[in-house]
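Contents: one structure, followed by commentary.
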Amino acid sequence: MAVIATPVEATLQIVVQTGTGDNGRPITRTRSFRNLKTSAPDADVMEVAKALAGLQNYPVDSFRKVVEIELTEQ
9 MAVIATPVEA TLQIVVQTGT GDNGRPITRT RSFRNLKTSA PDADVMEVAK
59 ALAGLQNYPV DSFRKVVEIE LTEQ
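Following my numbering, the numbering of the sequence shown begins with 9 at its first residue and continues without gaps.
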């Protein structure tokens, strides 16, 4: 049987470093921006992520585009 993968939802996540723990490891928090178009090109998502990074109070550690996909059988 063929499996059909259908994108359902996409989220832009910006991981920021909010400090350093007692052991010297970074403490991070994730800022999530939901309702991203699942068809949005990665380059466009990166442009928006960089613009939003400038609005953060903490240094940005990484950007993530998370796409939830529904799998069905045909």
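Built from N, CA and C at the ideal position, the CB exists for glycine as well.
Look at the Cβ atom of residue i, then the Cβ atom of residue j, and state whether they are nearer than 8 Å.
{"i": "Pro-15", "j": "Val-74", "result": "no"}
Among the options, which has the Cα closest to the Cα of residue i?
{"i": "Met-54", "options": "Asn-43, Gln-25, Thr-46, Phe-71", "result": "Phe-71"}
{"i": "Ser-40", "options": "Gly-62, Val-11, Ala-57", "result": "Ala-57"}
{"i": "Pro-49", "options": "Thr-38, Leu-20, Met-9, Ala-10", "result": "Leu-20"}
Quick one: what's got a C-beta closer than 8 Å to residue i's C-beta in the same chain, skipping five residues either side?
{"i": "Ala-13", "result": "Ile-77, Glu-78, Leu-79"}
{"i": "Thr-28", "result": "Pro-34, Ile-35"}
Just to confirm my understanding: we take residue i, look at its own chain, exclude 5 residues before and 5 after, and list those with CB closer than 6 Å. What are they?
{"i": "Ala-18", "result": "Leu-44, Thr-46, Val-75"}
Which one or two residues does DSSP pair with residue i in a beta bridge?
{"i": "Val-68", "result": "Val-24"}
{"i": "Ser-40", "result": "Gln-21"}
{"i": "Pro-15", "result": "Ile-77"}
Got a sec? Which residues, its chain only, sit under 7 Å from residue i by beta carbon, not counting five neighbours each side?
{"i": "Pro-67", "result": "Val-24, Gln-25"}
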